[in-house]
Every structure is written in C-alpha cells, then in structure tokens.
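With the numbering used here applied, the sequence shown corresponds to residues 7 to 104, in that order.
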Amino acid sequence: MRRKIVRETESRELIIAIGLVWGHLNASQFEEAWQLAKACLRIWPEDRRLAMMCAYAAVELLEPLDDRMRVLLSQGGCSEWEALVLRRAEMHNEAMAE
C-alpha cells in the first residue's frame with residue numbers, strides 16, 4: 007500500500023481534523039461537524055477548508071454566518087462551495103421569515 011505524502015506545510019493533525027469534520031458532514035452530523043470545525047479554527051484560524059466546512063454546517067443548523075466566516079468563505083478559492091453555502095443560508099432565512 008502506498009503511503010500518503012503529507013505536504014510539508016500541513017501538519018498531520020490538521021489533515022486528521024479536516025477528515026474528521028468532513029466525515030461528520032458526510033454522515034449528516036452537522037452539530038458535531040460545526041462544533042469540531044469551530045474548535046479546529048481556534049487552532050488553525052486561516053484554514054480555508056475548515057472555514058468552508060464550518061460555514062456549511064452552521065447554515066444547516068440555522069446558525070447565522072458572521073462577517074469573519076463570510077470573508078473566509080469568500081477567500082476559500084471555491085466559488086461553487088461558497089454559492090452552495092450562501093444559497094442554503096438564504097433558503098433558511100426565507101423559511102424563517104414565513
């Protein structure tokens with residue numbers, strides 16, 4: 007079996023954290039994903055992948071996106087993910103207004 011090459015700029019802990027958050031999202035465990043991503047962002051505050059997953063979990067839980075999260079989301083380099091999160095947030099806002 008080939009060993010996965012870890013990029014020098016990323017720690018093993020960060021890679022594991024990203025995998026754990028992603029696993030929670032894939033299992034539709036949004037509360038767990040959100041809590042874990044928020045905690046991980048305290049350690050790696052500028053990691054775009056954690057920020058994007060945190061934003062998605064937040065909107066699934068009807069949590070508002072704060073300004074910092076919106077900035078990180080827009081700087082994440084994935085306009086499709088940003089559009090998805092913002093669309094989900096808008097859907098939830100419309101549902102709450104009714």
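C-beta: ideal position from N, C-alpha, C; glycine also.
Using a Cβ-Cβ cutoff of less than 8 Å, which residues in the same chain neighbour residue i once the five nearest sequence positions on both sides are dropped?
i	result
Lys44	Cys60
Val65	Leu71, Val91, Arg94, Ala95, His98
Could you give the distance in angstroms between the alpha-carbon of residue i and the alpha-carbon of residue j?
i	j	result
Cys46	Arg94	23 Å
Ile22	Ser34	18 Å
Val91	Leu26	20 Å
Leu20	Arg76	21 Å
So, are the CB atoms of residue i and residue j less than 7 Å apart?
i	j	result
Trp40	Leu67	yes
Arg54	Ile24	no
Quick one: measure Cβ to Cβ for residue i and residue j, integer angstroms, because I've assumed they're closer than 8 Å.
i	j	result
Gly82	Ala57	6 Å
Glu88	Ser80	6 Å
What residues in its chain sit with their C-beta under 7 Å from that of residue i, if we drop five residues either side in the sequence?
i	result
His30	Glu38, Ala39, Leu42
Alpha carbons only, please: which of the options is nearest the one belonging to residue i?
i	options	result
Arg114	Phe36, Trp28, Arg74	There is no way to answer for residue 114, as the model of the chain reaches only from 7 to 104.
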